Amino acid sequence: MKCPFCGGQNLDHVLETRTLNDGASIKRRRECEGCSRRFTTIEDIEELQLFVVKTDNRREPFDRSKIIHGMQLSCTGRKNISSSALDEAAQDIERTLYNRLEKEVNSREIGEMVMERLKSIDAVAYVRFASVYQQFEDAEQFKAIVNLLGKRSARKPSAG
Ligand SMILES: [Zn+2]
Numbered sequence: 007m008k009c010p011f012c013g014g015q016n017l018d019h020v021l022e023t024r025t026l027n028d029g030a031s032i033k034r035r036r037e038c039e040g041c042s043r044r045f046t047t048i049e050d051i052e053e054l055q056l057f058v059v060k061t062d063n064r065r066e067p068f069d070r071s072k073i074i075h076g077m078q079l080s081c082t083g084r085k086n087i088s089s090s091a092l093d094e095a096a097q098d099i100e101r102t103l104y105n106r107l108e109k110e111v112n113s114r115e116i117g118e119m120v121m122e123r124l125k126s127i128d129a130v131a132y133v134r135f136a137s138v139y140q141q142f143e144d145a146e147q148f149k150a151i152v153n154l155l156g157k158r159s160a161r162k163p164s165a166g
């Protein structure tokens, strides 16, 4: 921080810190260690609203509930999936995205993150979600998933 009196840099220490505007700004009272004069600084916290860029290039504010809704649709009829598992997955995705400190994310990328998590929650939900997003990248990947499903349904007795 440059002292407004002597121009010294990085030589101040903070005497007092206060939040302003309901925490949107921080006011600090500083003392220059070069000339011992005091000054205040106000820091605005950058508002980070994450936007989702859709495939048609429209942008809309990030909304965690949409992720949950998408996962719920894929999980329709699947009895062993707890809603808290979906909530946690959505929270995890949200946290990951916000921690990148970028202002935009492609909807495709969110789709991939959701798939990654659904994969470990429920294979059927994963395939449903993936087919909606058309995210199978190659035939091998698709085969691996079909095999996985085959193993699961093989455990159930056939319904005749
Ligand atoms: Zn100074």
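Each residue of the sequence shown is one higher than the last, beginning at 7 in my numbering.
C-beta atoms are modelled at their ideal positions from N, C-alpha and C, and glycine is treated no differently.
All values derive from a computational prediction rather than experimental measurement.
Item: Cβ of Leu103 within 8 Å of any chain D Cβ; Value: Given the protein chain composition of this structure (a single chain), no chain D is represented.
Item: Three-state class that DSSP yields for Phe57 in the structure shown; Value: strand
Item: Backbone CA spacing between Lys5 and Leu92 [nearest angstrom]; Value: Because the chain here runs from 7 to 166, residue 5 falls outside it and cannot be looked at.
Item: Separation of Cys12 from Phe45, as counted between CA atoms; Value: 12 Å
Item: Residue range of the unbroken alpha helix (DSSP H) whose run includes Arg134; Value: 129–139
Item: Any non-hydrogen atom of ligand 1 closer than 7 Å to Phe11 Cβ; Value: yes
Item: Any non-hydrogen atom of ligand 1 within 7 Å of Arg43 CB; Value: yes
Item: Residue closest to Gly83, alpha-carbon to alpha-carbon, out of Leu54, Glu66, Ala131; Value: Ala131
Item: Beta-bridge partners of Cys38, as assigned by DSSP; Value: Asp18
Item: Closest Cα partner of His75 within the set Lys109, Leu124, Ala30; Value: Leu124
Item: Local conformation of Asp62 per DSSP, three classes; Value: coil
Item: CA-to-CA distance, Asp128 to Glu94, given in whole angstroms; Value: 14 Å
Item: Local Cβ density within 10 Å of Val133, reported as buried at 16 or more and exposed below that; Value: buried
Item: Candidates Glu39, Thr23, Gly29, Ser126, of which the one nearest Cys9 by Cα; Value: Glu39
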